[in-house]
Amino acid sequence: MSYAKRDPNNPPNYYYNLNKKQQQNWIKTAKKMNKNEDLQAKYPPFKSSSNINIIHIHHKSTIDTINDLIILANRTSRYTVDTESERKKINNDALIQIQFLHSTDASTIILIETAYLPNPQTTLYTKIKELWPTIFN
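Here the working numbering is used: position 130 in the sequence shown is 130, and no number is missing along the way.
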């Protein structure tokens, strides 16, 4: 439970000194806080049942790590992929997240922050590029 309760039906005195937009935001936040508290009371916190191995891919990764991932990708048939980037900034650096689903209780997640990839002329970069067709074929 949160320390400060907001009752959208009984706002505090300062609420009436807010402008219309601020009042709408206050009510919206109050309703959201109440909904979150209801959900926290209804459901237990999420606990991953998986054995998760997280690997960061960047310019300091080793070729052995990438080789191990290629071998793992060849044995994996199910993946989840997610990307993150800054809003309204097209063609900028992004975070690519790929989860290798090995079994019901084990998975490997690789995090690739494109701003920190090695120079394209390096062997490491070429090796990282070899990983892509293995995953996406």
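Virtual Cβ for every residue (Gly too), placed ideally from N, Cα, C.
Exposure of residue i, with buried meaning 16 or more beta-carbon neighbours within 10 Å
{"i": "Ser103", "result": "exposed"}
{"i": "Ser61", "result": "buried"}
{"i": "Met1", "result": "Residue placement at Met1 is poorly supported in this model, since its pLDDT is 44, which falls under 50; the coordinates still yield a value, given next. Burial call: exposed."}
{"i": "Phe100", "result": "buried"}
{"i": "Thr108", "result": "buried"}
{"i": "Leu131", "result": "buried"}
{"i": "Lys32", "result": "exposed"}
{"i": "Lys127", "result": "buried"}
{"i": "Ile98", "result": "buried"}
{"i": "Leu39", "result": "exposed"}
{"i": "Ile63", "result": "exposed"}
Three-state secondary structure assigned by DSSP to residue i
{"i": "Pro12", "result": "coil"}
{"i": "Ser2", "result": "Low local confidence applies: a pLDDT of 47 at Ser2 is under 50, so the model's placement there is unreliable, and no value is given."}
{"i": "Leu39", "result": "helix"}
{"i": "Lys28", "result": "helix"}
{"i": "Asn119", "result": "coil"}
{"i": "Lys47", "result": "coil"}
{"i": "Ile19", "result": "Note that residue 19 is Asn in the sequence shown here, rather than Ile. Coil."}
Start and end residues, alpha helix (DSSP H) containing residue i
{"i": "Phe136", "result": "123 to 136"}
{"i": "Asn51", "result": "That residue, Asn51, is in no alpha helix (DSSP H); its beta strand (DSSP E) goes 51 to 57."}
Terminal residues of the beta strand (DSSP E) in which residue i lies
{"i": "Leu111", "result": "106 to 113"}
{"i": "Ser103", "result": "94 to 103"}
Exercise. Counting pairs of Cβ atoms below 8 Å between the stretch 53 to 67 and the stretch 113 to 128, do you hit three or more?
Worked result: yes
Exercise. Can you give, in chain order, each stretch of the beta strand (DSSP E) that sits fully within the stretch 61 to 86 and has at least 3 residues?
Worked result: Qualifying beta strand (DSSP E) stretches, in chain order: 79 to 85.
Exercise. Taking three-plus beta-carbon pairs below 8 Å as touching, is the stretch 9 to 24 in contact with the stretch 68 to 76?
Worked result: no
Exercise. Counting Cβ pairs closer than 8 Å, one from the stretch 64 to 74 and one from the stretch 10 to 18, do we hit at least three?
Worked result: no
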